[in-house]
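Engineer: My questions will all concern the structure given below.
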């Protein structure tokens, strides 16, 4: 049994390093379908299930590190989010993204109304975290889990749901490319308007150096500490707006501001944020216990209901607004998949449209946490 906090964190980091190396080696195709942090979650949860961790001894270290790294991670992820480029997408594309996110929130409310009687009392917290993932990404999911203090076991269920249904959804979206022309004829979409790609190009990132890495690390951790202090001084509002939520709001706004300046092109921000994400997920997973995994299927049913509602709303929207399949597919993938998959889906339609996928995903990175919290607030009122 591990009773030393330093050994605990070192073990999580070592497992993360092995997974990242295996992923980047290209020798294991499984990483194309399941992200490395999911394997980290499974390994850490298994170690906890067999009694490897003494939580009385290590929880203070893990919780302290998680509280320090989470705001820093959100800040760094938003460095590439340039508001000026997002505005250049035009009102129709931005509306499509908004409707996509709204349809997912509606899906969660409908799903919770149908199955909440069969779920644990605090399941709305974990579903709020899943909503944050499906309107943003993994970082947003762990942010909401941290803010709401969702039980680790239930969080493990929604992470499984996230992985399984995300893989299915990505396969469905890629398959839709083949019927793109038929879909556009059905909606009577004007595809000649897809000429905005040359107006949304990514600026070249500066090369990574020791100065950029240590500068980003020092700045992100200092901002994280100051934002946490500021969050403690602000009042709580309702069920979900507490000190942690204020902290995330502060760093999110600051990250968005930096993303629109030359400092947002500093190299290494995504890499540092990814390291932090692995550690945070490892710490969360170390509190999970697989012995109660039998409850997971009902959460899978809830996830399927969310996707069905999402599909219906987006089909109605596409027909009424004469929207082409590209916008629907990329907006949906940017929400449910995130920064890793949205550009890939965009390139499947047209390589010139990759920047749109990137910018859609960045919008989700900023908004996902707050949409997840809002959804959780709504679900908490359902008795």
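In UniProt numbering, the protein residues as written are 1 to 383. Glycine is no exception: its CB is placed at the ideal position from the N, C-alpha and C atoms.
(1) How close, in whole Å, do the beta carbons of residue 348 and residue 177 come, if the pair is a contact with beta carbons under 8 Å?
(2) Roughly how many whole angstroms lie between the Cα atoms of residue 188 and residue 71?
(3) Measuring alpha carbon to alpha carbon, tell me which residue in 280, 220, 271 and 278 is nearest residue 252.
(4) Within 10 Å of its beta-carbon, does residue 142 have 16 or more other beta-carbons around it, so buried, or fewer, so exposed?
(5) Quick one: using the 10 Å Cβ neighbour count with 16 as the cut-off for buried, is residue 1 buried or exposed?
(6) Name, in chain order, the residues that DSSP records as bridge partners for residue 53.
(7) State the Cα-Cα distance for the pair residue 264 and residue 278, rounded to the nearest angstrom.
(8) On the DSSP letters alone, give me the boundaries of the alpha helix (DSSP H) that residue 186 sits inside.
(9) Using 10 angstroms around the beta-carbon of residue 235, count the other beta-carbons present and answer buried if the total reaches 16, otherwise exposed.
(10) Starting from the Cα of residue 245, find the closest Cα among 120, 147, 107 and 130 and give me that residue.
(11) With 16 other CB atoms within 10 Å as the buried threshold, where does residue 17 fall?
(12) Given a threshold of 16 other Cβ atoms within 10 Å of its Cβ, counted over all protein chains shown, does residue 43 qualify as buried or as exposed?
(13) In angstroms with no decimal places, state the Cα-to-Cα distance between residue 97 and residue 365.
(14) Just mark residue 55 as buried or exposed, buried being the case when its beta carbon has 16 or more other beta carbons within 10 Å.
(15) Could you say which of 144, 111, 373 and 318 lies nearest to residue 182 if we only look at CA atoms?
(16) Could you give the distance in angstroms between the alpha-carbon of residue 343 and the alpha-carbon of residue 332?
(17) Can you give me the start and stop residues for the alpha helix (DSSP H) that residue 116 sits inside?
(18) Short of 7 Å in beta carbon distance, which residues of its chain neighbour residue 360, apart from the five on each side in sequence? Order them along the chain.
(19) So which of 345, 337 and 358 has the shortest CA-CA distance to residue 139?
(20) Quick one: give me the first and last residue of the alpha helix (DSSP H) that residue 328 is part of.
(21) Under 8 Å: do the stretch 115–129 and the stretch 308–327 share three or more Cβ pairs, one atom per stretch?
(22) Can you confirm whether the stretch 213–230 touches the stretch 45–55 when touching is taken to mean that 3 or more C-beta pairs between the two stretches lie within less than 8 Å?
(23) The alpha helix (DSSP H) that contains residue 141, what's its start and end?
(24) What's the gap between the Cα of residue 165 and the Cα of residue 137?
(25) In angstroms, rounded to a whole number, what distance separates the CA positions of residue 68 and residue 185?
Structural biologist: Straight from the coordinates:
(1) 5 Å
(2) 44 Å
(3) 220
(4) buried
(5) exposed
(6) 2
(7) 22 Å
(8) 180–187
(9) exposed
(10) 147
(11) exposed
(12) buried
(13) 13 Å
(14) exposed
(15) 318
(16) 12 Å
(17) Note, residue 116: premise wrong, no alpha helix (DSSP H); not H, not E.
(18) 97, 330, 331, 334 and 342
(19) 337
(20) 325–336
(21) no
(22) no
(23) 138–148
(24) 14 Å
(25) 51 Å
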